[in-house]
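First the structure, in the form of structure tokens, and then the observations on it.
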Amino acid sequence: MPASFLRLLSRPALWLMIYAALLGYGLFALFNIPEEVLPAFNYPEVSVTLHLPGTTATDMEAMAATPLEGVLLGLPGLSNIRSTISDGLVETDLRFAAGTNAEFDLQTVNGAIERALTSLPPGAQPFTQIMGNAINEVADYAVRYAPGTSQAEVARAVATRLVPALRAVPGVQLVDTAGLGSGRAGQRGALGTARPHRHGTGRGNNAGADPGARRASHAGTGRLSQPRP
């Protein structure tokens, strides 16, 4: 190694300049590089749910999942598609490229489903909605009422007082009610980073569901649970 280079390395001024440059860059990065405590991953996802009660999983795959995937695979910006099949139920989840518009993606999915209706069993009514980018259901409540109380009275109180109060909480997207016939009224709600309810567009209600229940689809940042009496 040349002696002149060694003499250069032995000069304290050189190292002071290097350390000053590193310190200056660190300060610049500290105040200028974007940062988030909870980063938002903008990968729009749309869920398509189809109920056909009394149909086996094998028939659901042939009669519903395959025709739906056939038209959905050609959608612009689609990066991933996955179907979950069980007896009487098919749920197809579609993920689109980052940065695409979720409402536009939902519209394209609905358009594709319109084209697929002729290939689906008669009476099939797929339900489409934008999925959250975090944990969906984040709050679960139970209301206990005295024996002998009219179920109609409890249902009316829940629908007119409790549900509107929960919906008024900032960030709540949808409230689901169930279980009014067992002495307790169950309430499920979503808090946090919930998208507006207008993003979910149902093509039909969920067959076989509780007549007093509303299907919930939420986006939130965690799950809370309260013990049921």
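Per the numbering used here, the very first residue in the sequence shown carries number 29; after that it's consecutive.
Every residue, glycine too, gets a C-beta built ideally from N, C-alpha and C.
It should be emphasised that the depicted structure is a prediction, and the values quoted were computed from it without experimental measurement.
Local conformation of residue i per DSSP, three classes
i      : result
Gln153 : coil
Val197 : coil
Asp278 : Since the first and last residues shown for the chain are 29 and 257, residue 278 lies out of range.
Ser111 : strand
Thr84  : coil
Leu148 : coil
Tyr53  : helix
Arg39  : coil
Ile259 : The structure shown does not extend to residue 259, since the chain is modelled only from 29 to 257, so the question has no answer here.
Ala174 : coil
Tyr47  : helix
Pro30  : coil
Gly98  : helix
Selection from the options that minimises the alpha carbon distance to residue i
i      : options                           : result
Pro104 : Phe124, Val186 and Thr156         : Phe124
Asn138 : Ala126, Gly151, Pro149 and Leu122 : Leu122
Ala93  : Ser111, Gly102 and Thr83          : Ser111
Pro81  : Ile46, Val74, Ser114 and Leu50    : Ser114
Arg143 : Leu117, Gly102 and Thr177         : Gly102
Leu117 : Thr83, Ser147, Leu148 and Ala126  : Thr83
Ser79  : Arg189, Pro150 and Leu190         : Looking at the sequence itself, residue 79 is His, so the reference to Ser does not match. Of the candidates Arg189, Pro150 and Leu190, the one whose C-alpha sits nearest the C-alpha of His79 is Pro150.
Glu97  : Ser147, Tyr71 and Ser38           : Ser147
Expected contact under 8 Å - CB spacing of residue i and residue j to nearest Å
i      : j      : result
Val76  : Ile141 : 7 Å
Gly34  : Leu42  : Just to set this straight, residue 34 is Leu in the shown sequence, not Gly. Not a contact, Cβ separation roughly 12 Å.
Leu134 : Val74  : 6 Å
Leu100 : Thr120 : 7 Å
Identified DSSP bridge partners for residue i
i      : result
Ser75  : Asp121 and Gln157
Leu106 : Phe124
Is it a yes or a no for the region 93-110 touching the region 171-187, going by three-plus beta-carbon pairs under 8 Å? no
For the 8 Å Cβ check, are there 3 or more pairs between the region 53-60 and the region 80-88? no
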